[in-house]
Amino acid sequence: MQILIVDDSELMRTIVEQVIVENLKEAAQKVKFFHAANGKDAIDIFGREKIHLIFLDWNMPVLDGVEFVREIRMHGNKVPIVMITSVTDSEKILQAAAAGVNSYVEKPVRGPALWDQIGMFFKNAGF
Amino acid sequence: MLDFEIFSAALRHVFAEFVGLRDLTSEAIKNLPDKYQNITSKIELFGEANGTLWLNISEPGVTLAMQKLQIPQSSEDRMLMDTAGELLNIIVGSAQRNSTVRYEFSLPSAYKGEGYPLRFDEKLARSARRFIFEDFEAILILEQ
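Residue numbers (this note's numbering), protein chains in the order written: chain A, 3 to 129; chain B, 371 to 514.
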């Protein structure tokens with residue numbers, strides 16, 4: 003399984019990867035992580051790697067999270083996308099859903115609370 | 371006008387629930403200090419009201435937050451400033467949920483340096499609160 007974590011904050015990319023590795027335990031060896039700090043770099047990685055799951059921030063420089071989602075959904079790709087963001091405005095959340103985000107997780111979140119919200123994507127993938 | 375107390379409450383929430391640090395006490399500040407702690411992050415707020423939110427915090431405070439978040443220690447300033455910026459980003463987002471004034475916000479920026487002054491717009495009003503934790507202090511400032 004190949005996972006793409008997109009966030010301009012290295013802190014958040016590290017936290018998301020840590021939570022996944024800690025919860026998958028030995029099975030984490032079957033996961034390869036890719037990191038991107040903005041939507042444009044994420045599109046570059048997405049174009050050359052087979053990505054199975056994306057964790058995505060909204061507010062990022064160059065190309066933001068929703069623009070990234072629109073770009074890849076425009077080409078018909080159905081990869082699951084989990085948005086992990088500090089944006090809590092309800093109208094903005096609806097915009098993200100309309101763009102094609104599958105799940106929305108509000109910061110601050112980490113540890114067990116984060117796993118509670120993202121664990122199902124790994125169960126669905128057979129972990 | 372943005373309600374400063376919503377941002378103060380959000381800071382407490384984020385430090386307690388996300389980082390795992392609770393402030394011992396806090397106090398409203400009328401006169402801002404001449405010199406500040408050495409790390410500052412800043413976010414612009416815009417929408418029904420505009421403003422700038424600043425988080426000024428000591429390096430040991432950010433380092434302790436990174437330890438609590440189990441982030442590998444790094445001597446690089448980049449990670450310290452990334453952490454300070456992301457903490458403020460989460461504070462602003464957390465406050466957005468409770469604000470009756472709708473706003474959006476910029477990406478955070480962060481600075482590190484010793485004994486520098488923060489430059490404010492003298493035409494704007496400022497609200498500030500100092501949060502005292504066991505091993506460090508942080509100051510939250512809203513300019514609008």
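All residues carry an ideal CB built from backbone N, CA and C; glycine is no exception.
(1) Looking only at C-alpha atoms, which of B:E513, B:A508, B:N468 sits nearest to B:F385?
(2) Please say whether B:K412 and B:L458 have beta carbons closer to each other than 9 Å?
(3) According to a CB-to-CB cut-off of less than 8 Å, which residues of the stretch 100–113 of chain A neighbour chain B?
(4) Give the interface partners of B:F388 over in chain A, defined as CB-CB distance under 9 Å, in chain order.
(5) Starting from A:R15, trace the alpha helix (DSSP H) in both directions and tell me its first and last residue.
(6) Check whether chain B comes within 9 Å of A:D10, counting only Cβ atoms and requiring the distance to be less than that.
(7) Specify the secondary structure class of B:S515 as computed by DSSP and reduced to three states.
(8) So is A:R15 buried or exposed if we call it buried at 16+ other beta carbons inside 10 Å?
(9) For the candidate residues A:F36, A:K32, A:A101, A:G102, whose alpha-carbon lies nearest to that of A:F129?
(10) Please tell me whether A:N61 and A:D10 are closer than 9 Å, where the distance is taken between their beta carbons.
(11) Based on the DSSP output, what are the partners of B:E507 in its beta bridges?
(12) Whole angstroms is fine: what's the gap from B:V462's alpha carbon to A:T90's?
(13) Which whole-angstrom value describes the C-beta separation of B:D393 and B:F503, a residue pair presumed to lie in contact below a C-beta threshold of 8 Å?
(14) Measuring CB to CB, does A:L58 end up less than 9 Å from B:L439?
(15) Using DSSP bridges, identify the partner residues of B:D411.
(16) Should A:V64 be labelled buried (16 or more other beta-carbon atoms within 10 Å of its own) or exposed?
(17) Please specify which runs of the beta strand (DSSP E), each continuous and at least 3 residues long, are wholly inside the stretch 51–116 of chain A, giving them in chain order.
(18) Could you work out which residues of chain A lie near B:N426, taking near to mean beta carbons separated by less than 9 Å?
(19) For A:L96, is the classification buried or exposed, using 16 other Cβ atoms within 10 angstroms of its Cβ as the cut-off for buried?
(20) For A:V21, which option in A:N126, A:S105, A:A127, A:V111 has the closest C-alpha, if you only look at C-alpha atoms?
(21) Can you give me the Cβ contacts of B:G483 inside the same chain, cut-off strictly under 8 Å, excluding the 5 residues immediately before and after it?
(22) Along the chain, where does the beta strand (DSSP E) that runs through B:A398 open and close?
(23) Please tell me whether B:V462 has its Cβ less than 9 Å away from any Cβ of chain A.
(24) Leaving out five residues on either side along the sequence, give the residues of the same chain with a beta carbon under 8 Å from the beta carbon of A:V107.
(25) Hey, quick one: how far does the alpha helix (DSSP H) through B:E375 stretch, first residue to last?
Put simply:
(1) The residue with the shortest Cα to Cα distance from B:F385 is B:A508.
(2) A distance below 9 Å separates the beta carbons of B:L458 and B:K412.
(3) Residues of the stretch 100–113 of chain A with a C-beta atom less than 8 Å from some C-beta of chain B are E108, K109, P110, V111, R112, listed in chain order.
(4) Here the neighbours are K109, P110, V111, R112.
(5) Looking at the DSSP string, the run of the alpha helix (DSSP H) that includes A:R15 is 12–26.
(6) Yes, A:D10 counts as interfacial toward chain B.
(7) Examination of residue 515 of chain B is not possible in this model, given that chain B is present from 371 through 514 alone.
(8) A:R15 should be labelled buried.
(9) Nearest of A:F36, A:K32, A:A101, A:G102 to A:F129, Cα basis: A:K32.
(10) Closer than 9 Å, so yes.
(11) For B:E507, the pairing in a beta bridge is given by DSSP as B:I502.
(12) Going from the Cα of B:V462 to the Cα of A:T90 covers about 10 Å.
(13) About 5 Å; that satisfies the 8 Å criterion.
(14) Taking 9 Å as the cut-off, the beta carbon of A:L58 is found no closer than this to the beta carbon of B:L439.
(15) Residue identity check: residue 411 of chain B is Ser in the sequence provided, not Asp. B:S411 pairs with B:L425, B:A480.
(16) Counting Cβ neighbours within 10 Å, A:V64 comes out exposed, since fewer than 16 surround it.
(17) List check, beta strand (DSSP E) in window: 55–58, 83–87, 105–108.
(18) Result: empty, since nearest Cβ-Cβ is about 18 Å, beyond 9 Å.
(19) The residue in question, A:L96, is exposed, as its Cβ has fewer than 16 Cβ neighbours within 10 Å.
(20) It is A:V111 whose Cα lies nearest to the Cα of A:V21.
(21) The residues are N408.
(22) Where B:A398 is concerned, the enclosing beta strand (DSSP E) starts and stops at 395–398.
(23) For B:V462, the answer is yes, since a Cβ of chain A falls inside 9 Å of its Cβ.
(24) So the qualifying residues of the chain are V84, M85, I86, T87, L116, Q119, I120.
(25) Going by DSSP, B:E375 is part of the alpha helix (DSSP H) stretching over 374–383.
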